[in-house]
Amino acid sequence: MRDDELSAELLAWYDIHARELPWRVGPAARKAGERPDPYRVWLSEVMLQQTTVAAVKDYFHRFTTLWPDVGALAAAEDARVMGEWAGLGYYARARNLLKCARAVAADHGGRFPDSRAALLALPGIGPYTAAAIAAIAFDRPETVVDGNVERVMSRLFAVETPLPTAKPDLTALAARLTPPERPGDHAQAVMDLGATICTPRNPACGICPWRAPCLARAEGIAAALPRKLPKTPKPTRLGRAYLGRRTDGAWLLERRPETGLLGGMLGWPGSDWAETEPFSAPPAEADWRPLGAEVRHTFTHFHLRLDLWVVDLPVDCIPDRGQFLAPAAFRPSDLPTVMRKAFDLARPAFDPPGNARG
DNA sequence: TAATCGTGGAA
DNA sequence: TTTCCAAGATT
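The numbering used here runs 17 ahead of the 1-based position in the first sequence.
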């Protein structure tokens, strides 16, 4: 089957089976001339990096409600945006999201550039996202290569070279199939196919529009592709976190450094996290007590066990680290998940604010 | 180049 | 319980 015939089969499938997504203009409306808002395409693509559609939907709705366009987002306060991103993970995305919005506002007149090269120059926009925005929002004939595309191509052409070694070959194969017409719909079609039919574990080959030409299906190895290099095991790191609350109800929190793990996010003061029990001084002089409970959390490349210590602090407390946040200014939902877990565990150890202990 | 960087759901 | 995985980018 010729490349253009493969593309035609896929687009015909997409016309019927396209997923309906909040940031998407479906094939029918697209054919009628409607185009998606580049801002919404960009925002969704950044949120979707290494993140499931299900996890993104609520965040996308909240962000577009709070900040309907790139100018509004560019004008937002850093802490507000980081707080809204909390829980979604990979927080460099949020930091770069703001940098990108401000660059678009300042250097591009508030409009996203429409070429892959110009998009690629913006913060947080890499090869995949640049191609996706160019193709989906501006209908440029660019080829997107995400995890779905890698999987679909590796199966369609029975590429047995493991990832990431195979990536250049898979990219070339994907580029071959990118049609000059409807490149945006084509990009979304390949990803929809990967997400709904050509899934990682149990591909539904029987209802796949590419079941006839698929080489991996013919060889009976579809579910085994793409092959991947073995992953290194995750070590366990230990750490300590201090949850202090002033008697007026204000919590002692700190803004983490811009770079590194949970960079730019709010968190509880504490030790570094290392494979040996790290020494740490409390963020304020007080009679800290061990909570007797620990947070267990797994990051991308290590497991963490976080030992929790708590204390009530006087209203005239001057901390060595961090700052007090009044109850009205503190939303637990602003915390990254590991820090919110700590809060959820420690919160019952504190009396209602203002009440005498007894 | 290889390591770093989150989270939650599914199997 | 553990592993795998999801519309990757950055350094």
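Glycine included, C-beta positions come from ideal geometry on N, C-alpha and C.
Q. Is W305 near Y259, with beta carbons less than 8 Å apart?
A. For the purposes of this step, residue 305 is identified with residue 288 of the first sequence, where counting begins at 1. For the purposes of this step, residue 259 is identified with residue 242 of the first sequence, where counting begins at 1. Yes.
**Q.** E26, enclosing alpha helix (DSSP H) - first and last residue
**A.** As a first step, residue 26 must be located in the first sequence, where it is residue number 9. 20-34 is the span of the alpha helix (DSSP H), which, as asked, contains E26.
Q | Bounding residues of the alpha helix (DSSP H) (the contiguous stretch that carries H78) | A | Position 61 of the first sequence holds residue 78. Where H78 is concerned, the enclosing alpha helix (DSSP H) stretches over 70-83.
Q: Select from F319, A267, P274 the residue whose C-alpha is nearest the C-alpha of P369.
A: By one-based count along the first sequence, residue 369 stands at place 352. Of the candidates F319, A267, P274, the one whose C-alpha sits nearest the C-alpha of P369 is A267.
Q.
By the three-class DSSP mapping on this structure, what secondary structure does A229 have?
A. On the first sequence, position 212 is the one that residue 229 refers to. Shown here, A229 sits in coil according to DSSP, grouped into three states, outside any helix or strand.
(Q) In this structure, how does DSSP classify E94 when only helix, strand and coil are distinguished? (A) In the first sequence, the residue the question calls residue 94 occupies position 77. It is coil, neither helix nor strand.
**Q.** Exposure of S24, with buried meaning 16 or more beta-carbon neighbours within 10 Å
**A.** Taking the first residue of the first sequence as position 1, residue 24 is located at position 7. Taking a 10 Å sphere around the C-beta of S24, we find 16 or more other C-beta atoms and assign the residue as buried.
Q) Grouping DSSP H, G and I as helix and E and B as strand, with all else coil, what is H318? A) Indexing the first sequence from 1 puts residue 318 at position 301. H318 falls in the coil class under three-state DSSP.
Q.
Given a cut-off of 8 Å on the beta-carbon distance, is the pair L28 and D163 in contact?
A. Counting from one through the first sequence, the residue named residue 28 turns up at place 11. Counting from one through the first sequence, the residue named residue 163 turns up at place 146. No, these two residues do not count as a Cβ contact at 8 Å.
**Q.** CA-to-CA distance, M282 to I142, given in whole angstroms
**A.** Taking the first sequence and counting its residues from 1, one reaches residue 142 at position 125. Taking the first sequence and counting its residues from 1, one reaches residue 282 at position 265. Answer to the nearest angstrom: the Cα atoms are 21 Å apart.
Q. Is the stretch 324-336 touching the stretch 249-259 in the sense that three or more CB pairs, one from each, lie closer than 8 Å?
A. yes
Q. G164 lies in the alpha helix (DSSP H); which residues open and close that run?
A. For the purposes of this step, residue 164 is taken as the residue at position 147 of the first sequence. Where G164 is concerned, the enclosing alpha helix (DSSP H) stretches over 164-173.
Q.
Any contact between the stretch 168-178 and the stretch 235-242? By contact I mean 3 or more CB pairs, one from each, below 8 Å.
A. yes
Q. If we count the other Cβ atoms within 10 Å of its Cβ and call it buried at 16 or more, is G211 buried or exposed?
A. Position 194 of the first sequence holds residue 211. Classification for G211: buried.
(Q) With a threshold of 8 Å, are at least 3 pairs of Cβ atoms found where one atom belongs to the stretch 118-136 and the other to the stretch 77-91? (A) yes
Q. Can you tell me whether Q205 is buried or exposed, with buried defined as 16 or more other CB within 10 angstroms of its CB?
A. As a first step, residue 205 is located in the first sequence; it is residue number 188 there, counting from the start. Buried is the call here.
Q: Report the residue ranges of all alpha helix (DSSP H) runs contained in full by the stretch 220-292; include only those spanning at least 4 residues, in chain order.
A: 232-236
(Q) If I follow the unbroken beta strand (DSSP E) through L342, where does it start and stop? (A) On the first sequence, residue 342 is found 325 positions in, with the first residue counted as 1. For L342, the enclosing beta strand (DSSP E) begins and ends at 340-342.
Q) Does the stretch 219-227 touch the stretch 51-70, meaning 3 or more C-beta pairs lie closer than 8 Å? A) no
Q | Rounded separation between F155 and R128 - CA only | A | Stepping through the first sequence from its first residue, residue 155 is reached at position 138. Stepping through the first sequence from its first residue, residue 128 is reached at position 111. Cα-Cα distance, rounded: 12 Å.
Q: Take G287 and list the residues in its own chain whose beta-carbon comes closer than 7 Å to its own, dropping the five residues that flank it on each side.
A: For the purposes of this step, residue 287 is taken as the residue at position 270 of the first sequence. If we look at G287 and ignore the five residues flanking it on each side, its Cβ neighbours are G256, R257, A258, Y259, S297.
Q. Where does V42 sit, in a helix, a strand or coil, going by DSSP?
A. Within the first sequence, residue 42 is the residue found at index 25, counting from 1. Note: V42 maps to coil in three-state DSSP.
Q: With a 10 Å radius around its C-beta and 16 neighbouring C-beta atoms as the bar for buried, classify R364 as buried or exposed.
A: In the first sequence, counting from the first residue as 1, residue 364 sits at position 347. Its Cβ having fewer than 16 others within 10 Å, R364 is exposed.
Q | For A155, the first and last residue of its enclosing alpha helix (DSSP H) | A | The sequence position of residue 155 within the first sequence is 138, counting from 1. Residue identity check: residue 155 is Phe in the sequence provided, not Ala. Note, F155: alpha helix (DSSP H), 144-155.
Q | Reduced DSSP secondary structure (H/G/I, E/B, other) of V312 | A | Taking the first residue of the first sequence as 1, we reach residue 312 at position 295. Residue state, collapsed to three classes: strand.
Q.
Check this for me: beta carbons of A152 and L136, under 8 Å apart or not?
A. Numbered from its first residue, the first sequence carries residue 152 at position 135. Numbered from its first residue, the first sequence carries residue 136 at position 119. Their beta carbons are not under 8 Å apart, which means A152 does not touch L136 by this criterion.
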